[in-house]
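Numbering-wise (our numbering), the sequence shown opens with residue 135 and increments by one.
By construction, the Cβ of each residue, glycine as well, lies at the ideal position given by its N, Cα and C atoms.
Since we're looking at a predicted model, the values are computed, not measured.
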Amino acid sequence: MFKNDSLSIFIRLCLSVVGTSIIALGIVFFRLSSLGIDPATAADIGISNTFNWYLGNYQLIFNVILFLTICIFDRSQFGIGTLINMSLPGYIVGYLTPILSRIIFHTFSKSSILEIIILFVFGMVLFSLGISLYTSVNLGVSPYDAVALSF
Numbered sequence: 135m136f137k138n139d140s141l142s143i144f145i146r147l148c149l150s151v152v153g154t155s156i157i158a159l160g161i162v163f164f165r166l167s168s169l170g171i172d173p174a175t176a177a178d179i180g181i182s183n184t185f186n187w188y189l190g191n192y193q194l195i196f197n198v199i200l201f202l203t204i205c206i207f208d209r210s211q212f213g214i215g216t217l218i219n220m221s222l223p224g225y226i227v228g229y230l231t232p233i234l235s236r237i238i239f240h241t242f243s244k245s246s247i248l249e250i251i252i253l254f255v256f257g258m259v260l261f262s263l264g265i266s267l268y269t270s271v272n273l274g275v276s277p278y279d280a281v282a283l284s285f
């Protein structure tokens, strides 16, 4: 029984990492389409750009502050998945955006509305898949999601 529990936790952790990574990849495609991204990431990108900070560093610092604040009121929303979601997406988005930008814009001209829509739809599919994987393993929610769930 212990082995199955350990294996189950390991698989759930892996799915949490994979789901969070897919969410970040979806955000990259949203950014490349220039049609918009989710509000939390838009705020993170805007503030990190304003202060000239790397996105991953800003997002981690902001999430730690939010995490500590929410812990005062409701710790039940948090788990190991929270730590994964607090730290991983900003770094993945910050790393992959310039790389995929060069690859995609070498292939696409980004002048066609069809190309822009394809990038956005692909981002939406990835983002939705990542959210479903991340939330289905039930290992905790991100600090910004906990705000809505705790109050």
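Please report the straight-line C-alpha distance between residue i and residue j, rounded to a whole angstrom.
{"i": "Ala-157", "j": "Tyr-229", "result": "Checking the sequence, you will find Ile at residue 157 rather than Ala. Whole-angstrom Cα-Cα distance: 14 Å."}
{"i": "Ile-145", "j": "Arg-236", "result": "34 Å"}
{"i": "Val-281", "j": "Asn-183", "result": "24 Å"}
{"i": "Val-255", "j": "Ile-247", "result": "12 Å"}
{"i": "Ile-143", "j": "Thr-216", "result": "15 Å"}
Take the Cβ of residue i as the centre, count every other Cβ of all protein chains shown within 10 Å, and call the residue buried at 16 or more, exposed below.
{"i": "Val-275", "result": "buried"}
{"i": "Pro-277", "result": "buried"}
{"i": "Ile-308", "result": "Only positions 135 to 285 of the chain appear in this structure, which leaves residue 308 out of reach."}
{"i": "Asp-208", "result": "exposed"}
{"i": "Ile-179", "result": "buried"}
Quick check on DSSP: helix, strand or coil for residue i?
{"i": "Gly-213", "result": "coil"}
{"i": "Ser-276", "result": "coil"}
{"i": "Ser-323", "result": "Outside the displayed span of the chain (135 to 285) sits residue 323, for which this structure offers no information."}
{"i": "Leu-234", "result": "helix"}
{"i": "Ser-246", "result": "coil"}
Any beta carbon from chain C within less than 8 Å of residue i's own beta carbon?
{"i": "Ala-174", "result": "Absent here is chain C; the protein component of the structure consists of one chain."}
**Item:** Inter-stretch contact at 8 Å, needing at least 3 Cβ pairs: the region 221-232 / the region 181-194
**Value:** yes
**Prompt:** Do three or more CB pairs link the region 259-268 to the region 153-166 at distances below 8 Å?
**Reply:** yes
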